[in-house]
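Student: This is the structure I want to talk about, given as structure tokens.
Numbering (our numbering), first residue to last: 125 to 278.
Encoded structure:
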């Protein structure tokens with residue numbers, strides 16, 4: 125792409141995200157899951173079930189910052205693959221409860237290391253600026269940075 129559009133930060137961020145997703149898709153292919161499936165599996169592995177209480181599908185979507193409708197579709201595929209179980213929520217008749225299966229837990233545990241290595245390798249080009257980049261992304265997402273970010277003076 126030529127012209128001014130190719131220099132816009134948003135366009136560059138989108139382009140970098142596409143390259144990162146391609147790398148992560150390649151890492152996840154042997155495990156039989158997509159990046160968004162891995163995100164939801166990992167999120168479910170992190171939060172559920174807390175204190176023996178089932179995890180609502182909507183709570184998982186919020187935890188992973190995913191659209192509820194997309195989450196439902198992805199969970200349907202994970203259920204077909206035997207990586208999660210969905211049941212009617214015991215106390216909320218309108219909600220689905222989701223639980224990770226032993227197979228799903230195995231995928232998360234086996235893929236976590238290769239994903240972390242691929243992510244670190246992708247961002248290695250930033251060298252010492254990787255932490256600052258992460259903080260800048262957190263700010264763009266409306267989250268607090270993990271540490272103080274230097275003010276930019278213009």
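Built from N, CA and C at the ideal position, the CB exists for glycine as well.
Report all residues from its chain with a CB closer than 8 Å to the CB of residue 235; omit the five preceding and five following residues, and keep chain order.
Tutor: Hits under 8 Å: 151, 152, 155, 157 and 162.
Student: Can you name the start and end residues of the beta strand (DSSP E) that residue 212 belongs to?
Tutor: Segment 208-212, the beta strand (DSSP E) holding residue 212.
Student: With H, G and I counted as helix, E and B as strand and the rest as coil, what does DSSP make of residue 180?
Tutor: Here residue 180 sits in strand by DSSP.
Student: Starting from residue 249, follow the alpha helix (DSSP H) in both directions and report where the run begins and ends.
Tutor: Taken as a continuous stretch (DSSP letters only), residue 249 belongs to no alpha helix (DSSP H), as it is neither H nor E.
Student: Have a look at residue 257 and residue 214 and give me their C-alpha separation to the nearest angstrom.
Tutor: Going by the C-alpha atoms only, they are around 43 Å apart.
Student: In chain order, what residues of the same chain lie with their CB nearer than 8 Å to the CB of residue 201, ignoring the 5 residues before and after it?
Tutor: Closer than 8 Å at Cβ, skipping near neighbours: 161.
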